[in-house]
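The structure appears right after this line, and notes come after that.
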Amino acid sequence: MDNLKAIVESLLFVADTPLTIDKIRSILKLKDRKAIENALTTLTEEYETQKRGFFLSKVSGGYQFRTRPEFAEWIRQMKRHKPVRLSRPAMETLAIVAYKQPVLRSDIEHLRGVDCGGTLRTLLERGLIRVLGRRDLPGRPMVYGTTKRFLEVFELKDLTDLPTLKELQDMQQSWPNDST
Amino acid sequence: MDNLKAIVESLLFVADTPLTIDKIRSILKLKDRKAIENALTTLTEEYETQKRGFFLSKVSGGYQFRTRPEFAEWIRQMKRHKPVRLSRPAMETLAIVAYKQPVLRSDIEHLRGVDCGGTLRTLLERGLIRVLGRRDLPGRPMVYGTTKRFLEVFELKDLTDLPTLKELQDMQQSWPNDST
Amino acid sequence: MEQAQNMGAYHVDLGHTFEGPMDLLVHLVKKNEIDIYDIPIALITRQYLEYLNFMKALNIDVAGDFLVMAATLAHIKSRMLLPGKQEEQEEAEDPRMEIVRPLAEYLQLKDAAQDLAGRPQLDRDVFVRAQSDGDASPREGEQDLMQVSLFELIDAFQKIIKQKSPKDFLNLTLDTISVKSRISQIADILEKRGSITFEELFDKEAGKSEIIVTFLAILEMVKSQVIRIMQHASSGIIRIFNG
Chain A
0 MDNLKAIVES LLFVADTPLT IDKIRSILKL KDRKAIENAL TTLTEEYETQ KRGFFLSKVS
60 GGYQFRTRPE FAEWIRQMKR HKPVRLSRPA METLAIVAYK QPVLRSDIEH LRGVDCGGTL
120 RTLLERGLIR VLGRRDLPGR PMVYGTTKRF LEVFELKDLT DLPTLKELQD MQQSWPNDST
Chain B
0 MDNLKAIVES LLFVADTPLT IDKIRSILKL KDRKAIENAL TTLTEEYETQ KRGFFLSKVS
60 GGYQFRTRPE FAEWIRQMKR HKPVRLSRPA METLAIVAYK QPVLRSDIEH LRGVDCGGTL
120 RTLLERGLIR VLGRRDLPGR PMVYGTTKRF LEVFELKDLT DLPTLKELQD MQQSWPNDST
Chain C
0 MEQAQNMGAY HVDLGHTFEG PMDLLVHLVK KNEIDIYDIP IALITRQYLE YLNFMKALNI
60 DVAGDFLVMA ATLAHIKSRM LLPGKQEEQE EAEDPRMEIV RPLAEYLQLK DAAQDLAGRP
120 QLDRDVFVRA QSDGDASPRE GEQDLMQVSL FELIDAFQKI IKQKSPKDFL NLTLDTISVK
180 SRISQIADIL EKRGSITFEE LFDKEAGKSE IIVTFLAILE MVKSQVIRIM QHASSGIIRI
240 FNG
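This is the structure in structure tokens:
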């Protein structure tokens, strides 16, 4: 296929979710996985070296164009909306779900020492977490886990892309005053 | 302003309508009209000579990125695979079927307060619900229930993964300070 | 000196309400620059109680969780004061571990939350292209993927419950949902095979609750006339048919 790189680029431009290599293959009806991989790698490098306004991000198992973080202020200016922020309690709850999944509400509340019904609902509403199923315990409590959307929002390739708790602890020790 | 070209590029990327020079000026709080014009001209030329997957088009008094017409076929191909969303009424009807099955159309309409023939047909077509049988009542009304496909779409192992009324009510009590 | 420290606590806390006891403990640990593995329990307990009293003085309701932690701290403090025998002390764990472990774990997850918050976040730091709704609407394709989350379904259902009196849904417990789940499974079998014997529906390995759930499912299916039950005149075998 001629101009494979440009075709892939146009697909990435139009797609509303990160595109996986398999998805691109099925759209282009192309057997050659390697060729698509090469096109994606070249594109990534080109956007990087040419310092364009957006870059090709590897996220949630796929590829997606995203604007450079350093231009965020201007884009917010254009969009005229306040950045959506998660409250600190919501962020803590999300971190617990991310690191301890599959996790029970009672585990989260035990860790945080407060009721988490509200924050869980907020996170469900935002599509950042989901109900994975039920645990075989009295009352069959629901267990929670993170979603694909979570990976997309926090620009993670997959869950292993998160630093481990051990790594975080080491980082913390190198900057003892950095905690608030 | 440094990297004016890249900033303009990022704005064009995110904008959902063609951007005029005046609009860009007001976003960037920039007096210099000429500088923006230059950035736009350079961008247009770059996209043209580099044969990228999309190009900067001058439309209705503004500028907008558009995919190359010669790739239209592939983009249509991708859109054909685009996931469809369920409308709000369809979602409500589906929720009632899920929670009240085996359920009659008249029961659903009683709860929703409107005719549900259309949404039921949509859900049947999408394979989310099925006719379980016919009730021995005047008109032999159909009894509805959910399908395996329903479980797949909502990533449920089985129906017991649905939250109970009590769990739903627990989740509703959002903390007032958690609206984020 | 002591006085100054206490005053400090009040001033810092004025603009800040603590979400829970852990939150408050973390604040005290950080304010006093304490090693959490060697907590001066008397100092922390006193400051903790001072904060609670301060909240009460302001007529702010102190949640029960805070009082439970206060009791825990007081208990640890008293155990620290108890003069134990030499060998007992070697055996026994440091009473402070009761709060050190959860505190360490909480601090770790707070770090994780902070790290997460520091990442480039979609729609805050990075943006993707806006989707123009004018795009050709998807046709009924062969694959017909669906993009819905369980939350959207639940949310739709909650709206209905709010509009209607909840009595329409009073029996919505896990048990009744289990019965619905079983109904769905039986319907799957009947769709495939057309009929099934009564015995076949009861797995020999099934526990008591599963047997009850299956029986209730059959009753409900008969009631809503989704199935018919027939018994063979001579063999006595009971068979269930699609309605």
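Residue numbers (numbering that gives the first Met the number 0), protein chains in the order written: chain A, 0 to 179; chain B, 0 to 179; chain C, 0 to 242.
Virtual Cβ for every residue (Gly too), placed ideally from N, Cα, C.
Chain-ordered neighbours of residue i on chain C, where CB pairs are closer than 8 Å
{"i": "residue 167 of chain A", "result": "107, 110, 111 and 114"}
{"i": "residue 84 of chain A", "result": "123"}
{"i": "residue 126 of chain A", "result": "148 and 150"}
{"i": "residue 63 of chain A", "result": "127"}
Within chain B, partners of residue i - CB distance below 8 Å
{"i": "residue 14 of chain A", "result": "77"}
{"i": "residue 163 of chain C", "result": "110"}
{"i": "residue 241 of chain C", "result": "132"}
{"i": "residue 5 of chain A", "result": "50, 51, 52, 67 and 70"}
{"i": "residue 186 of chain C", "result": "129, 131 and 144"}
As assigned by DSSP and simplified to three states, the class of residue i
{"i": "residue 139 of chain B", "result": "coil"}
{"i": "residue 236 of chain C", "result": "coil"}
{"i": "residue 128 of chain B", "result": "strand"}
{"i": "residue 63 of chain A", "result": "strand"}
{"i": "residue 206 of chain C", "result": "coil"}
{"i": "residue 19 of chain A", "result": "coil"}
{"i": "residue 59 of chain C", "result": "coil"}
{"i": "residue 117 of chain B", "result": "helix"}
{"i": "residue 196 of chain C", "result": "strand"}
{"i": "residue 76 of chain B", "result": "helix"}
{"i": "residue 28 of chain C", "result": "helix"}
{"i": "residue 19 of chain C", "result": "coil"}
{"i": "residue 142 of chain C", "result": "For residue 142 of chain C, the pLDDT reaches just 49, beneath the cut-off of 50, and the residue's location in the model is therefore unreliable, although a value from the coordinates is still provided. If DSSP states are grouped into helix, strand and coil, residue 142 of chain C belongs with coil."}
{"i": "residue 49 of chain A", "result": "coil"}
{"i": "residue 92 of chain A", "result": "helix"}
{"i": "residue 41 of chain B", "result": "helix"}
{"i": "residue 160 of chain C", "result": "helix"}
{"i": "residue 103 of chain B", "result": "strand"}
{"i": "residue 56 of chain B", "result": "strand"}
Exposed unless 16 or more other CB atoms sit within 10 angstroms - verdict on residue i
{"i": "residue 57 of chain B", "result": "exposed"}
{"i": "residue 8 of chain B", "result": "buried"}
{"i": "residue 196 of chain C", "result": "exposed"}
{"i": "residue 166 of chain B", "result": "buried"}
{"i": "residue 81 of chain A", "result": "exposed"}
{"i": "residue 104 of chain A", "result": "buried"}
{"i": "residue 137 of chain A", "result": "exposed"}
{"i": "residue 210 of chain C", "result": "exposed"}
{"i": "residue 151 of chain C", "result": "buried"}
{"i": "residue 202 of chain C", "result": "exposed"}
{"i": "residue 83 of chain A", "result": "exposed"}
{"i": "residue 232 of chain C", "result": "exposed"}
{"i": "residue 204 of chain C", "result": "exposed"}
{"i": "residue 120 of chain C", "result": "buried"}
CA-to-CA distance, residue j to residue i, given in whole angstroms
{"i": "residue 66 of chain B", "j": "residue 22 of chain A", "result": "19 Å"}
{"i": "residue 143 of chain B", "j": "residue 96 of chain B", "result": "7 Å"}
{"i": "residue 25 of chain B", "j": "residue 72 of chain C", "result": "58 Å"}
{"i": "residue 241 of chain C", "j": "residue 163 of chain B", "result": "29 Å"}
{"i": "residue 118 of chain A", "j": "residue 99 of chain B", "result": "28 Å"}
{"i": "residue 43 of chain A", "j": "residue 189 of chain C", "result": "53 Å"}
{"i": "residue 185 of chain B", "j": "residue 140 of chain B", "result": "Absent from the structure is residue 185 of chain B, since the part of chain B shown begins at 0 and ends at 179."}
{"i": "residue 134 of chain A", "j": "residue 72 of chain A", "result": "44 Å"}
{"i": "residue 93 of chain A", "j": "residue 148 of chain B", "result": "29 Å"}
{"i": "residue 57 of chain C", "j": "residue 79 of chain C", "result": "32 Å"}
{"i": "residue 121 of chain B", "j": "residue 124 of chain A", "result": "25 Å"}
{"i": "residue 53 of chain C", "j": "residue 159 of chain B", "result": "47 Å"}
{"i": "residue 94 of chain C", "j": "residue 75 of chain C", "result": "6 Å"}
{"i": "residue 54 of chain A", "j": "residue 68 of chain B", "result": "23 Å"}
{"i": "residue 24 of chain C", "j": "residue 145 of chain A", "result": "28 Å"}
{"i": "residue 303 of chain C", "j": "residue 108 of chain C", "result": "Absent from the structure is residue 303 of chain C, since the part of chain C shown begins at 0 and ends at 242."}
{"i": "residue 35 of chain C", "j": "residue 170 of chain B", "result": "34 Å"}
{"i": "residue 207 of chain C", "j": "residue 181 of chain C", "result": "14 Å"}
{"i": "residue 168 of chain A", "j": "residue 110 of chain C", "result": "8 Å"}
{"i": "residue 101 of chain B", "j": "residue 159 of chain C", "result": "18 Å"}
{"i": "residue 117 of chain C", "j": "residue 81 of chain C", "result": "45 Å"}
{"i": "residue 68 of chain C", "j": "residue 37 of chain C", "result": "18 Å"}
Under 9 Å from the C-beta of residue i: neighbouring residues of chain C
{"i": "residue 45 of chain A", "result": "Under the 9 Å cutoff, chain C gives no residues; its nearest Cβ is about 18 Å from residue 45 of chain A."}
{"i": "residue 94 of chain A", "result": "108, 109, 110, 111, 112, 113, 114, 115 and 116"}
Contact list for residue i against chain A, beta-carbon separation under 8 Å
{"i": "residue 8 of chain B", "result": "51, 52 and 53"}
Residue i at chain D interface by Cβ criterion, 7 Å
{"i": "residue 66 of chain B", "result": "Included in the structure are the protein chains A, B and C, with no chain D among them."}
Under 7 Å from the C-beta of residue i: neighbouring residues of chain B
{"i": "residue 173 of chain C", "result": "159 and 163"}
Amino acids of chain B, ordered along the chain, whose beta-carbon sits closer than 9 Å to that of residue i
{"i": "residue 247 of chain C", "result": "There is no way to answer for residue 247 of chain C, as the model of chain C reaches only from 0 to 242."}
Within chain A, the residues that residue i reaches when beta carbons sit closer than 7 Å
{"i": "residue 120 of chain C", "result": "152 and 153"}
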